[in-house]
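**Q** Counting in my numbering, the sequence shown runs from 38 upward without gaps.
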Amino acid sequence: MYLIENWRHVFKLDPAKLIMDGDLEKICESGTDAVMVGGSSDVTYENTLDLLSRIRRYAIPCVLEVSQIDAVVPGFDAYFIPLVLNAGSTRWMLDAHQEGIKAFGHLIPWEDVITEGYVVLNGNSTVAKVTESRTDLSLDDVKAYAQLADQLLKLPVFYLEYSGTYGDPDWVRSVKSILQSGRFFYGGGITSPERAREMAQWADTIVAGNIIYENMEEALATVQAVKETKISF
Ligand code: 1GP
Numbered sequence: 038m039y040l041i042e043n044w045r046h047v048f049k050l051d052p053a054k055l056i057m058d059g060d061l062e063k064i065c066e067s068g069t070d071a072v073m074v075g076g077s078s079d080v081t082y083e084n085t086l087d088l089l090s091r092i093r094r095y096a097i098p099c100v101l102e103v104s105q106i107d108a109v110v111p112g113f114d115a116y117f118i119p120l121v122l123n124a125g126s127t128r129w130m131l132d133a134h135q136e137g138i139k140a141f142g143h144l145i146p147w148e149d150v151i152t153e154g155y156v157v158l159n160g161n162s163t164v165a166k167v168t169e170s171r172t173d174l175s176l177d178d179v180k181a182y183a184q185l186a187d188q189l190l191k192l193p194v195f196y197l198e199y200s201g202t203y204g205d206p207d208w209v210r211s212v213k214s215i216l217q218s219g220r221f222f223y224g225g226g227i228t229s230p231e232r233a234r235e236m237a238q239w240a241d242t243i244v245a246g247n248i249i250y251e252n253m254e255e256a257l258a259t260v261q262a263v264k265e266t267k268i269s270f
């Protein structure tokens with residue numbers, strides 16, 4: 038937990054996507070607090086290992102968000118394990134996790150594991166499709182999930198995942214107001230410093246993903262925007 042407690046900005050790199058060395062250097066030296074490696078499709082052991090070894094040239098914390106058990110590579114600073122609370126079946130809440138522990142439990146460095154309570158809200162995203170997430174939720178539904186993660190399950194991270202689309206800042210503010218101890222991650226549609234600044238008022242940690250591959254200049258500008266923004270709680 039100590040690792041993440043001051044993280045305000047994180048870049049999420051997808052091992053299945055191509056990034057040139059020069060761009061990777063800009064990301065790792067941008068002033069962001071960490072690089073998270075993760076994706077929802079075509080993540081393999083090989084492309085994860087390749088990305089990790091390239092990121093390791095830089096002095097930046099690097100964590101893996103585990104989506105596939107056969108793509109778990111040793112050597113990351115921490116392993117983020119999502120429990121998709123609004124998944125359409127128990128597979129992405131518990132079953133895949135139980136299977137992974139059954140097969141590889143003896144190898145898991147438990148002190149480096151950080152569990153995330155995930156709520157997926159963009160029904161068109163790959164993550165929503167893979168997990169068959171029920172995305173037609175009301176704000177009250179989402180707040181109840183946030184409490185479930187934070188107070189019932191005592192998870193260290195609650196992650197509001199709008200992957201590929203920009204969420205509703207009022208919802209983000211509302212969710213923040215209900216969390217007591219977990220860290221609040223927001224990800225989705227952070228494509229400009231303005232958006233980064235807006236969500237950084239309410240979320241503890243802002244995750245920027247796609248923009249890295251679409252507009253490097255805007256991606257880099259989100260770091261400063263988040264760092265300059267004071268959280269309003
Ligand atoms: C995806 O939350 C991250 O898992 C970031 O979303 O790609 O839309 O920035 P974007």
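From the three backbone atoms N, C-alpha and C, an ideal C-beta is built for every residue, glycine too. Computed from a predicted structure; not experimentally measured.
Assuming M236 is part of the alpha helix (DSSP H), what are its boundary residues?
**A** Here residue 236 refers to the residue found at position 199 of the sequence shown. That run of the alpha helix (DSSP H) goes 230-237.
**Q** Excluding the 5 residues flanking I97 on each side, which residues of the same chain have their C-beta closer than 6 Å to its C-beta?
**A** To locate residue 97, count along the sequence shown from 1; it is residue 60. Closer than 6 Å at Cβ, skipping near neighbours: C65, V72.
**Q** Alpha helix (DSSP H) containing K264: first to last residue?
**A** The residue labelled residue 264 in the question sits at position 227 within the sequence shown. Its alpha helix (DSSP H) spans residues 253-265.
**Q** When DSSP labels each residue in this structure, what does A115 get in the three-state scheme?
**A** Along the sequence shown, read from residue 1 onward, the residue named residue 115 stands at position 78. The answer is strand: DSSP assigns A115 an E or B state.
**Q** Can you tell me the Cα-Cα spacing of V167 and S126, whole angstroms?
**A** Locating residue 167 in the sequence shown gives position 130, counting from the first residue. Locating residue 126 in the sequence shown gives position 89, counting from the first residue. For V167 and S126, the distance between alpha carbons rounds to 11 Å.
**Q** Which of the three DSSP states is assigned to E42 in this structure?
**A** Reading the sequence shown from its first residue, position 5 is the one you call residue 42. Coil.
**Q** Provide the residue span of the beta strand (DSSP E) that contains L197, from first to last.
**A** For the purposes of this step, residue 197 is taken as residue 160 along the sequence shown, with counting starting at 1. Run containing L197: 194-198, per the beta strand (DSSP E) assignment.
**Q** So T202 and G224 are supposed to be a Cβ contact under 8 Å. How far apart are they, rounded?
**A** Here residue 202 refers to the residue found at position 165 when the sequence shown is read from its first residue. Here residue 224 refers to the residue found at position 187 when the sequence shown is read from its first residue. Their Cβ separation, rounded to whole angstroms, is 11 Å, which puts T202 and G224 out of contact at 8 Å.
**Q** So if DSSP puts K49 in a beta bridge, which residue, or which two residues, is it bridged to?
**A** The residue given as residue 49 occupies position 12 in the sequence shown. Answer is M73.
**Q** Count the other CB atoms within 10 Å of the CB of H46; is the residue buried (16 or more) or exposed (fewer)?
**A** Looking up residue 46 in the sequence shown gives position 9. Under this definition H46 is a buried residue.
**Q** Comparing C-alpha positions only, which one of D60, V74, W129, L61 sits nearest to V109?
**A** By one-based count along the sequence shown, residue 109 stands at place 72. The candidate whose alpha carbon is nearest that of V109 is V74.
**Q** Buried or exposed for K335, please, with buried defined as at least 16 other CB atoms from any protein chain shown within 10 angstroms of its CB.
**A** The displayed coordinates of the chain run from 38 to 270. Any statement about residue 335 would go beyond what the structure contains.
**Q** CA-CA distance, G76 and F270?
**A** Stepping through the sequence shown from its first residue, residue 76 is reached at position 39. Stepping through the sequence shown from its first residue, residue 270 is reached at position 233. Whole-angstrom Cα-Cα distance: 31 Å.
**Q** Just verifying my parser: in three-state terms, what is the DSSP assignment at T242?
**A** In the sequence shown, counting from the first residue as 1, residue 242 sits at position 205. In the structure shown, T242 sits in a strand (DSSP, three-state: E or B).
**Q** Quick one, are the C-beta atoms of L192 and D114 less than 8 Å apart?
**A** Position 155 of the sequence shown holds residue 192. Position 77 of the sequence shown holds residue 114. Their beta carbons are not under 8 Å apart, which means L192 does not touch D114 by this criterion.
**Q** Taking the CB atoms as reference points, tell me whether F117 and G154 lie closer together than 8 Å.
**A** As a working mapping, residue 117 is identified with position 80 in the sequence shown. As a working mapping, residue 154 is identified with position 117 in the sequence shown. Cβ atoms of F117 and G154: not closer than 8 Å.
**Q** Once the 5 residues before and after V260 are set aside, which same chain residues still bring their CB inside 6 Å of it?
**A** Start at 1 with the first residue of the sequence shown, and residue 260 comes out as number 223. If we look at V260 and ignore the five residues flanking it on each side, its Cβ neighbours are H46, S67, G68, T69.
**Q** By Cβ distance, which residues of its chain are closer than 8 Å to D271, with the 5 residues on each side in sequence left out?
**A** Nothing about residue 271 can be read from this structure; the chain reaches only from 38 to 270.
**Q** Going by beta carbon distance, what residues of the same chain come within less than 7 Å of R232, once the five residues before and after it are set aside?
**A** If you number the sequence shown from 1, residue 232 lands on position 195. Hits under 7 Å: Y203, G226.
**Q** Taking the continuous alpha helix (DSSP H) assigned at E14, which residues delimit it?
**A** Here the chain has residues from 38 to 270 only, and residue 14 is not among them.
**Q** Skipping 5 residues on each side, what residues in its chain have a beta carbon closer than 7 Å to that of E235?
**A** Residue numbering aside, residue 235 sits at position 198 when the sequence shown is read from its first letter. The answer, listed in chain order, is P206.
**Q** Bridge partners for R210 per DSSP, in chain order?
**A** For the purposes of this step, residue 210 is identified with residue 173 of the sequence shown, where counting begins at 1. Paired residues: none, contrary to the question.
**Q** Between which two residues does the beta strand (DSSP E) carrying E153 extend?
**A** Taking the sequence shown and counting its residues from 1, the one referred to as residue 153 is at position 116. First-last of the beta strand (DSSP E) with E153: 150-157.
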